[in-house]
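See structure below.
Protein chains in written order, with the working numbering: chain A, -16 to 141; chain B, 1137 to 1428.
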């Protein structure tokens, strides 16, 4: 890249000591003093795209809490009737109900955003064209529907 | 034309540095012929305040914003506006530019916080202003709008961005030939102009300083997908590295800001897939059964 002015100084630090051409003048003492900006801790709030990304990532944390609740349930089931009944009663706690509803919402956010991202990962070339993004996304929804149906019937249609 | 400082106590000294105040109704930039030759649409214009980040390492310890009132017309690009400032108000203003048509990738700036090429961004889209112009984010600032390119160049060199042939795959006679299908496999990734907008958009570049970055990984993928190239094994240790492809968390902003539609986010995710496959294949058939 060329520059509009000759203001840029050639660095002369470590790794740049070798002359690129035999006729090059010895490097003068550098006057470089680059200013290094730092990334703010709240960078993920800076614009809409970052916020969407942060929501996608944080959705997994909420789903993680929901899975933790299920694991606690399995442990209680293993420990006996009294423990199990405690866990069942815990599920009607308003805080737990809120968490469950939030987990459903965040599961949808997580699934849809990742499905939307899959065409970047899965690129199917057909001749000189690629299969349209729509079909790559659609196959994920189709697979999800098939999987859900299998689980539903496996559980005896509830 | 007036020139004022913004948020920096030392900025007022610029008038003594040779800045010539110019009347606000003075010279308008000469209109350039439209590239498409079509008749100009409804003419717009006026003046806009550019808030340009200044950093002169020999004078200041930290950057500050300096205001410039600049005349603009329908066809005035941000690069034109900066050039006007340099020609008429502040000769020491430093920025990179070359081709003025989004080919060289030199004039990347942060325009109101978004990475853009100055030559293909128009002042009319930011009127009535103000328009904040800063150097590309996530880079060390050398002077004013000029950033340090060396880390980026080191990343480019690291991925061996050239066709690699070896003894097992000598160049055939009468030379390498490709079908249209083989060209399509890497064509999109070969459009990169190294403008570094993707580096400015990627938060991971700012957070993980040893990250190769979107453009460098894209270039590696571009050659890995080239039927003439046999250097994927050689690039694998560079990509499958703590600072290689793995710092990428798929924010996707690199693809959003790319002025050439290269889609570096896609390239990096595909590189992750290929790297994971190579890792798994090593268990099944170490060194592809060829020994070392």
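Even glycine gets a Cβ: it sits at the ideal position worked out from N, Cα and C.
Any C-beta of chain A under 9 Å from that of residue i
i, result
"residue 1320 of chain B", "yes"
"residue 1439 of chain B", "Any answer about residue 1439 of chain B is impossible in this case: the structure gives chain B only from 1137 up to 1428."
"residue 1401 of chain B", "yes"
"residue 1250 of chain B", "yes"
"residue 1342 of chain B", "yes"
"residue 1365 of chain B", "no"
"residue 1377 of chain B", "no"
"residue 1356 of chain B", "no"
"residue 1360 of chain B", "no"
"residue 1157 of chain B", "Residue confidence is low: residue 1157 of chain B scores 33 on pLDDT, short of 50, so the model does not pin down where it sits. Its coordinate-derived value is still stated next. No, residue 1157 of chain B does not count as interfacial toward chain A."
"residue 1167 of chain B", "The predicted model places residue 1167 of chain B with a pLDDT of 46, which falls under 50 and marks its position as unreliable; any figure quoted below should be read in that light. So no, residue 1167 of chain B is outside the interface."
"residue 1352 of chain B", "no"
"residue 1273 of chain B", "yes"
For residue j and residue i, believed in contact at Cβ under 8 Å, the rounded distance
i, j, result
"residue 107 of chain A", "residue 113 of chain A", "6 Å"
"residue 17 of chain A", "residue 1284 of chain B", "5 Å"
"residue 1246 of chain B", "residue 1264 of chain B", "Going by Cβ atoms, the distance from residue 1246 of chain B to residue 1264 of chain B rounds to 20 Å, so no, they are not a contact pair."
"residue 84 of chain A", "residue 70 of chain A", "Contact doesn't hold; Cβ gap of about 18 Å is too wide."
"residue 1331 of chain B", "residue 1253 of chain B", "6 Å"
"residue 39 of chain A", "residue 92 of chain A", "7 Å"
"residue 1355 of chain B", "residue 1411 of chain B", "Their Cβ separation, rounded to whole angstroms, is 16 Å, which puts residue 1355 of chain B and residue 1411 of chain B out of contact at 8 Å."
Under 8 Å from the C-beta of residue i: neighbouring residues of chain A
i, result
"residue 1245 of chain B", "What residue 1245 of chain B touches in chain A: nothing, since even the nearest Cβ is about 13 Å away."
"residue 1397 of chain B", "The premise fails here: residue 1397 of chain B is roughly 13 Å from chain A at the closest Cβ pair, so nothing lies under 8 Å."
"residue 1261 of chain B", "Result: empty, since nearest Cβ-Cβ is about 17 Å, beyond 8 Å."
"residue 1191 of chain B", "18"
Extent of the continuous alpha helix (DSSP H) to which residue i belongs
i, result
"residue 1419 of chain B", "1400 to 1420"
"residue 1332 of chain B", "Per DSSP, residue 1332 of chain B belongs to no alpha helix (DSSP H) and is neither H nor E."
"residue 1221 of chain B", "1214 to 1224"
"residue 1289 of chain B", "1286 to 1294"
"residue 1350 of chain B", "1350 to 1360"
"residue 1250 of chain B", "Where residue 1250 of chain B is concerned, there is no enclosing alpha helix (DSSP H), although the beta strand (DSSP E) it sits in stretches over 1250 to 1253."
"residue 1371 of chain B", "1368 to 1375"
"residue 1183 of chain B", "No alpha helix (DSSP H) contains residue 1183 of chain B, which is instead part of the beta strand (DSSP E) from 1181 to 1190."
"residue 1396 of chain B", "Here residue 1396 of chain B belongs to no alpha helix (DSSP H), and DSSP marks it neither H nor E."
"residue 1197 of chain B", "Note, residue 1197 of chain B: premise wrong, no alpha helix (DSSP H); not H, not E."
"residue 128 of chain A", "116 to 137"
Where residue i meets chain A, residues with beta-carbon distance less than 7 Å
i, result
"residue 1386 of chain B", "100"
"residue 1405 of chain B", "103, 104"
"residue 1212 of chain B", "The contacting residues do not exist; residue 1212 of chain B stays about 17 Å from chain A at best."
"residue 1284 of chain B", "17"
8 Å Cβ cut-off: residues of chain B touching residue i
i, result
"residue 108 of chain A", "1317, 1320, 1321"
Residue j beta carbon less than 9 Å from that of residue i
i, j, result
"residue 1195 of chain B", "residue 1229 of chain B", "no"
"residue 49 of chain A", "residue 86 of chain A", "yes"
"residue 1311 of chain B", "residue 1348 of chain B", "no"
"residue 1414 of chain B", "residue 1376 of chain B", "yes"
"residue 1295 of chain B", "residue 1336 of chain B", "no"
"residue 1328 of chain B", "residue 1251 of chain B", "no"
"residue 1314 of chain B", "residue 1363 of chain B", "yes"
"residue 1248 of chain B", "residue 1218 of chain B", "no"
"residue 1212 of chain B", "residue 1181 of chain B", "yes"
"residue 1258 of chain B", "residue 1225 of chain B", "no"
"residue 1383 of chain B", "residue 22 of chain A", "no"
"residue 119 of chain A", "residue 102 of chain A", "yes"
"residue 1193 of chain B", "residue 123 of chain A", "no"
"residue 1397 of chain B", "residue 32 of chain A", "no"
"residue 1350 of chain B", "residue 1334 of chain B", "yes"
"residue 1297 of chain B", "residue 1359 of chain B", "yes"
Proximal residues of chain A, C-beta to C-beta of residue i below 9 Å
i, result
"residue 1277 of chain B", "17, 18, 19, 20"
"residue 1194 of chain B", "14, 16"
"residue 1199 of chain B", "18, 20"
"residue 1185 of chain B", "Under the 9 Å cutoff, chain A gives no residues; its nearest Cβ is about 22 Å from residue 1185 of chain B."
Chain B within 9 Å of residue i, Cβ atoms only
i, result
"residue 40 of chain A", "yes"
"residue 79 of chain A", "no"
"residue 4 of chain A", "Model confidence at residue 4 of chain A stands at a pLDDT of 42, short of 50, so the residue's coordinates are unreliable; what they give is reported in the following sentence. Not closer than 9 Å to any Cβ of chain B, the Cβ of residue 4 of chain A fails to qualify, so no."
"residue 26 of chain A", "yes"
"residue 111 of chain A", "yes"
"residue 30 of chain A", "yes"
"residue 123 of chain A", "no"
"residue 33 of chain A", "yes"
beta-carbon residue i near the ligand NAD non-hydrogen atom, thresh 8 Å
i, result
"residue 1403 of chain B", "No copy of the ligand NAD appears in this structure; indeed no ligand is present at all."
Proximal chain B residues relative to residue i, where beta-carbon distance stays under 9 Å
i, result
"residue 36 of chain A", "1339, 1385, 1386, 1387, 1388, 1389"
Delimiting residues of the beta strand (DSSP E) encompassing residue i
i, result
"residue 1268 of chain B", "1267 to 1270"
"residue 69 of chain A", "Looking at the DSSP string, residue 69 of chain A is not in any beta strand (DSSP E); the run it does join, the alpha helix (DSSP H), is 64 to 73."
"residue 1207 of chain B", "1200 to 1209"
"residue 1237 of chain B", "Residue 1237 of chain B -> no beta strand (DSSP E), and no H or E assigned at all."
"residue 1245 of chain B", "1244 to 1247"
"residue 1323 of chain B", "Careful: residue 1323 of chain B lies outside any beta strand (DSSP E), inside the alpha helix (DSSP H) at 1316 to 1323."
"residue 1277 of chain B", "1277 to 1279"
Neighbour flag for residue i against chain E, beta carbons, 9 Å
i, result
"residue 1196 of chain B", "Of the protein chains in the structure, A and B, none is chain E."
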